[in-house]
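Colleague:
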Amino acid sequence: MSDSTPSTPRTEADPFVPAELYSQVQQFYARQMGLLDDGRPDDWAETFTEDAVFREASRLNEPLRGRVAIRDSSRARKQRLDDDKIDFRHWLGMIDVRPQTDGSLHTRSYALAMRVPRGGALDIFASVVCHDHLVRVDGTWKVADRDLHHDGSGRD
Amino acid sequence: MSDSTPSTPRTEADPFVPAELYSQVQQFYARQMGLLDDGRPDDWAETFTEDAVFREASRLNEPLRGRVAIRDSSRARKQRLDDDKIDFRHWLGMIDVRPQTDGSLHTRSYALAMRVPRGGALDIFASVVCHDHLVRVDGTWKVADRDLHHDGSGRD
Amino acid sequence: MSDSTPSTPRTEADPFVPAELYSQVQQFYARQMGLLDDGRPDDWAETFTEDAVFREASRLNEPLRGRVAIRDSSRARKQRLDDDKIDFRHWLGMIDVRPQTDGSLHTRSYALAMRVPRGGALDIFASVVCHDHLVRVDGTWKVADRDLHHDGSGRD
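Protein chains in written order, with numbering that gives the first Met the number 0: chain C, 0 to 155; chain D, 0 to 155; chain F, 0 to 155.
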């Protein structure tokens, strides 16, 4: 990961990114999370690079390494949600974008995870801080590295 | 509705829309939902076209047809909230915009509905997927068709 | 405050602001609230003008007057959260921006306040309407006046 790790210190004095870039990132996340929530694990996996790493250290999960692992995990998840008849939504917001010298982006955002069982009540159950490393591939953005930190876990 | 129905399949490869358009849609929704939450049913109704259709099939509600019906429904709702001393907020986010060949827009977004009774606790009680058909009228956007799907309803 | 108070009536017919401005405001809030949530009270205080006023009349709190008072309040708050091992998040969205004739901005936004104790459950406990007066200082925005209204308080 070298100089493109999500942990590269941010400088508060960094200028804001241009509107075109900011709105691209907003649209990327709206579509990406929409694919997950719509139960399309294969299309979801395509929004990651081939060698992407998906980290959830705050949950003590081992990282998923590579698009195939991300896809397989997402397929299994979809099966569970379908079996349990649960609607799932991921909200992502409060996005901060830090361009890197190589043209890639570091983003920090907040995410809320929520679910509604058939006929049941809305449960917003997790607040997560998401650090992504986005790279441009074929005119769009893909996630090369995602690092999720669950609030309340006490781990960084 | 013909080719401009909200159910027109999206293509994931669709390019992102320009920042000017995206930020217009964001601003439209912030103001539109603000009017509803501020208890201004007549101004809220003006954000819909004269012949707008407002669908909530997932709640088994009949569609509201036309601005007058939307206004009357909103007036009645405001009266109930005032009587019960309830503050209501609608958050809308995760917006995806798909321009149509006729210059109109299909949008998909997530919405959260929440309320706070006087002196009571916040209750975020509904997660909704909103499909809108937006048309440009007199330099701004108006909703020609809104299709709400409540999570957990099990209906499309 | 004169003509730049947050209570200056908005006109619904106001045009939308350009994307560059809108995305700057979005980025400002993502970073500002991130500083508060990251437990950086001194950096947080720097996002307010020297003579900023921070109002929470709906909670019957006296306004904080000046950056030093805002910083001291935030330092005390951080100490409490650290002692209690609580992760805190502020979401801000649904932003409406109204440029003033002097180049400053009035913004209205919705905010959600949430916390997660170590090993505990997510608690989204407050919905707040935020009226800010933003002024441009040294190429970025700072809050000159913040007026928070807590839903359910029954006070304006």
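Backbone N, C-alpha and C fix where the C-beta goes; we use that ideal spot for every residue, glycine too.
1. So with CB distances below 8 Å, who are the chain D contacts of R58(F)?
2. What does M113(C) pair with, by DSSP beta-bridge criteria?
3. Looking only at DSSP bridge pairs, what is W140(D) linked to?
4. Please check if any C-beta of chain C sits within less than 9 Å of the C-beta of M0(D).
5. Based on DSSP bridge pairs, tell me the residues matched to S108(D).
6. Buried or exposed for L59(D), going by 16 or more other Cβ atoms inside 10 Å?
7. Give every residue of the same chain whose Cβ lies closer than 6 Å to the Cβ of V115(D), excluding the five residues on either side of it in the sequence, and list them in chain order.
8. So what's V52(F) in DSSP terms, helix, strand or just coil?
9. Establish whether the CB of S152(C) and some CB of chain F are separated by less than 9 Å.
10. Are the beta-carbon atoms of G151(F) and W90(D) separated by less than 9 Å?
11. What is the rounded straight-line gap between the Cα of P40(F) and the Cα of S103(F)?
12. Short of 7 Å in beta carbon distance, which residues of its chain neighbour M32(D), apart from the five on each side in sequence? Order them along the chain.
13. What residues from chain F crowd round Q23(D), counting only those whose CB sits closer than 7 Å?
14. Closest to E45(D) by CA distance: which of E61(D), R54(D), G65(D), Q26(D) is it?
15. Since D36(C) sits in a beta bridge, which residues does DSSP pair it with?
16. Consider the Cβ of Y28(F): report whether some Cβ of chain D lies at a distance smaller than 9 Å.
17. Just to make sure I have the definition right: I need the residues of chain C whose C-beta is within less than 9 Å of the C-beta of W43(F). Which are they?
18. Figure out for me which residue from K84(D), Q25(D), A112(D) has the closest Cα to the Cα of A18(F).
19. Count the other CB atoms, across all protein chains shown, that sit within 10 Å of the CB of K141(D); report buried if there are 16 or more and exposed otherwise.
20. Report the three-state DSSP secondary structure of F47(D) (helix, strand or coil).
21. Using a C-beta to C-beta distance shorter than 7 Å, which residues of chain B count as neighbours of E55(F)?
22. Output yes if chain F places a C-beta closer than 9 Å to the C-beta of A75(C); else output no.
23. Would you please verify whether the beta carbon of E19(D) is less than 9 Å from any beta carbon of chain C?
24. Which of the three DSSP states, helix, strand or coil, is assigned to L147(D)?
25. When you compare the CB of G102(D) with every CB in chain F, is at least one pair closer than 9 Å?
26. What does a CB cutoff of less than 6 Å around V127(C) pick up in its chain, not counting 5 residues either side in sequence?
27. Give the range of the alpha helix (DSSP H) segment to which D83(D) is assigned.
28. Can you tell me whether Q78(C) is buried or exposed? The criterion is at least 16 other CB atoms within 10 Å of its CB, across all chains shown.
29. Kindly list, in the order they appear in chain D, the residues whose Cβ is closer than 8 Å to that of T84(C).
30. Of all the CB atoms in chain C, is at least one closer than 9 Å to the CB of T139(F)?
31. According to DSSP, is V96(F) helix, strand or coil?
32. Given a threshold of 16 other Cβ atoms within 10 Å of its Cβ, counted over all protein chains shown, does F124(C) qualify as buried or as exposed?
33. What residue from S108(C), T139(C), D131(C) has the CA that sits closest to D36(F)'s CA?
34. Is the shortest distance between the beta-carbon of P116(D) and the beta-carbons of chain F less than 9 Å?
35. Measure the C-alpha to C-alpha separation of A56(D) and T48(D) and round it to an integer number of angstroms.
Modeller: Taking the coordinates as given:
1. Taking a Cβ-Cβ threshold of 8 Å, none of the residues of chain D is close to R58(F); the smallest such distance is about 12 Å.
2. DSSP, once it has assigned bridges, lists R88(C), I123(C) as partnering M113(C).
3. BP columns for W140(D) point to R135(D).
4. Residue placement at M0(D) is flagged as unreliable, the pLDDT there being 37, under the threshold of 50; a coordinate-derived value is accordingly withheld.
5. Per DSSP, C129(D).
6. Exposed, since its Cβ has fewer than 16 Cβ neighbours within 10 Å.
7. Closer than 6 Å at Cβ, skipping near neighbours: D86, L121.
8. The answer is strand: DSSP assigns V52(F) an E or B state.
9. Flagged as an interface residue toward chain F: S152(C), by a C-beta distance shorter than 9 Å.
10. Note that the C-beta distance between G151(F) and W90(D) is not below 9 Å.
11. The alpha-carbon atoms of P40(F) and S103(F) are separated by roughly 25 Å.
12. H89, L91, listed in sequence order.
13. The contact set of Q23(D) on chain F, defined by CB atoms closer than 7 Å, consists of F15 in chain order.
14. The shortest CA-to-CA distance from E45(D) to any of E61(D), R54(D), G65(D), Q26(D) is the one to G65(D).
15. Its beta-bridge partners do not exist; DSSP assigns none.
16. No, because no Cβ of chain D sits closer than 9 Å to the Cβ of Y28(F).
17. Residues of chain C passing the Cβ test: none, with the nearest at roughly 10 Å.
18. For the residues K84(D), Q25(D), A112(D), the minimum Cα distance to A18(F) belongs to Q25(D).
19. Result: buried.
20. F47(D): strand per DSSP, three-state reduction.
21. The displayed structure is made up of protein chains C, D and F, and chain B is not among them.
22. Chain F contact via Cβ: absent.
23. Yes, its Cβ sits closer than 9 Å to a Cβ of chain C.
24. When DSSP states are grouped into helix, strand and coil, L147(D) belongs to the strand group.
25. No, because no Cβ of chain F sits closer than 9 Å to the Cβ of G102(D).
26. Answer for V127(C): A110, L147, H149, listed in chain order.
27. Its alpha helix (DSSP H) spans residues 66-83.
28. Q78(C) should be labelled exposed.
29. One detail in the question is off: residue 84(C) reads as Lys in this sequence, not Thr. Result: G153.
30. Interface residue, yes.
31. V96(F) falls in the strand class under three-state DSSP.
32. The residue in question, F124(C), is exposed, as its Cβ has fewer than 16 Cβ neighbours within 10 Å.
33. Nearest C-alpha to D36(F): S108(C).
34. The beta carbon of P116(D) falls within 9 Å of a beta carbon belonging to chain F, placing the residue at that interface.
35. In this model, A56(D) and T48(D) are separated by some 20 Å (Cα to Cα).
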